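In our numbering, the protein residues as written are 1 to 254.
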């Protein structure tokens, strides 16, 4: 029997990573670069320390989003790691709830979609296959009382991933998503503080509780998500599209 092992080598590929300044995005940049890809990265941070060409764009701004889509036309990515997103918590009974909805949907859905669309158009124009990897969340598979808008945005990511995959399949462009569970990133300090406020918990308590509740018994790392991204970016997943992979230690059974 001859083994036809597909490579994870990304040499000759151009990858774009959004939300690249820390956590999952920064890990994806490092993994793609280590496997030979030319990496472009963007975030709202003023500077970036990593193996990538970096440009600052604010996806919450109409001008920033337009400038980012123009940049995509210039760099012509083969791989998109569509990671940028905002997180917030609040009660459906709170004042300002609609303002939070507009803010989260503006980046997590509208901005995410515009970036995916720009990359898809570039790939089609170049006549080459590509891989689009969208970042969903375990929150996109179930509602949570204090995280309604974030959950809804990530459910939208999953739905758009499926629709885009079907639309782009004739062009040999694969579109998949990753749903991380509780991943130990710097953002968790903010998340933990929000739970402390809304649930009356001590600082650090929520983070400890969610880690212990994972079937595998601990929180994941950004590298766990980045390794799944490498799989989806490479020929290892050449026959996969329209799928959402859970990287959550068994938290969500699909």
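Cβ atoms here follow ideal geometry from the backbone N, Cα and C, with glycine treated the same way. Just so you know, these numbers come straight off a predicted model, no measurement behind them.
Residues sharing a beta bridge with residue i, DSSP
i: residue 43; result: 56
i: residue 82; result: 134
i: residue 174; result: 131
i: residue 15; result: 39 and 79
i: residue 183; result: 220
i: residue 245; result: 178
Of the residues the options, the one placed nearest residue i, counting alpha carbons only
i: residue 143; options: 154, 76 and 107; result: 154
i: residue 88; options: 203, 187 and 53; result: 187
i: residue 79; options: 32, 7 and 42; result: 32
i: residue 36; options: 156, 179 and 230; result: 230
i: residue 164; options: 243, 106 and 101; result: 243
i: residue 146; options: 222, 254, 84 and 94; result: 94
i: residue 122; options: 198, 77 and 85; result: 77
i: residue 184; options: 10, 27 and 11; result: 27
i: residue 209; options: 223, 192, 197 and 133; result: 192
i: residue 107; options: 59, 249 and 133; result: 59
i: residue 172; options: 125, 180, 57 and 61; result: 125
i: residue 73; options: 119, 86 and 56; result: 119
i: residue 136; options: 102, 160 and 10; result: 160
i: residue 103; options: 189, 62 and 12; result: 62
i: residue 23; options: 46, 11, 189 and 169; result: 189
i: residue 132; options: 81, 228 and 92; result: 81
i: residue 256; options: 201, 127 and 211; result: For residue 256 there is no data in the structure shown, the boundaries of the chain being 1 and 254.
i: residue 12; options: 56, 228 and 129; result: 129
Contacts around residue i, its chain only, beta-carbon distance under 8 angstroms, and the 5 residues preceding and following it disregarded
i: residue 30; result: 50, 51 and 226
i: residue 240; result: 174, 176 and 232
i: residue 223; result: 27 and 31
i: residue 257; result: In this structure the chain extends from 1 to 254, so residue 257 is not present and cannot be described.
Nonlocal neighbours in the same chain, by C-beta distance under 6 angstroms from residue i, ignoring five residues either side
i: residue 38; result: 14
i: residue 203; result: 196
i: residue 194; result: 89
i: residue 25; result: 17, 19 and 83
i: residue 156; result: 109
i: residue 138; result: 179, 181, 248, 251 and 252
i: residue 85; result: 108
Closer than 8 angstroms to chain C by CB, residue i
i: residue 29; result: This model lacks chain C altogether; it includes just one protein chain.
Near the ligand PLP: residue i beta-carbon under 7 angstroms from a heavy atom
i: residue 153; result: In the structure shown, the ligand PLP is absent, as is every other ligand, since no ligand is present at all.
Cβ shell of residue i (< 7 angstroms), same chain only, five flanking positions each side left out
i: residue 254; result: 246
i: residue 48; result: 20, 21, 41 and 54
i: residue 97; result: 90
i: residue 198; result: 89 and 146
i: residue 140; result: 151, 154, 155, 157, 158 and 179
Of all the alpha helix (DSSP H) runs that stay within the bounds of the stretch 95-125, which reach a length of 4 or more residues? For the stretch 95-125, whole alpha helix (DSSP H) runs of length 4 or above, ordered along the chain, are 97-105.
Count the CB pairs spanning the stretch 207-226 and the stretch 145-154 that are closer than 8 angstroms, and state whether there are at least three. No, the stretch 207-226 is not in contact with the stretch 145-154.
Does the stretch 2-21 come close enough to the stretch 234-250 to have 3 or more Cβ pairs within less than 8 angstroms? In the pairwise beta carbon analysis, the stretch 2-21 is classified as touching the stretch 234-250: at least three pairs are separated by under 8 angstroms.
Any 3 or more C-beta pairs closer than 8 angstroms across the stretch 42-51 and the stretch 16-33: Put simply, the stretch 42-51 touches the stretch 16-33. At least three CB pairs are less than 8 angstroms apart.
Is it a yes or a no for the stretch 111-120 touching the stretch 55-67, going by three-plus beta-carbon pairs under 8 angstroms? Enough Cβ pairs lie closer than 8 angstroms, so yes.
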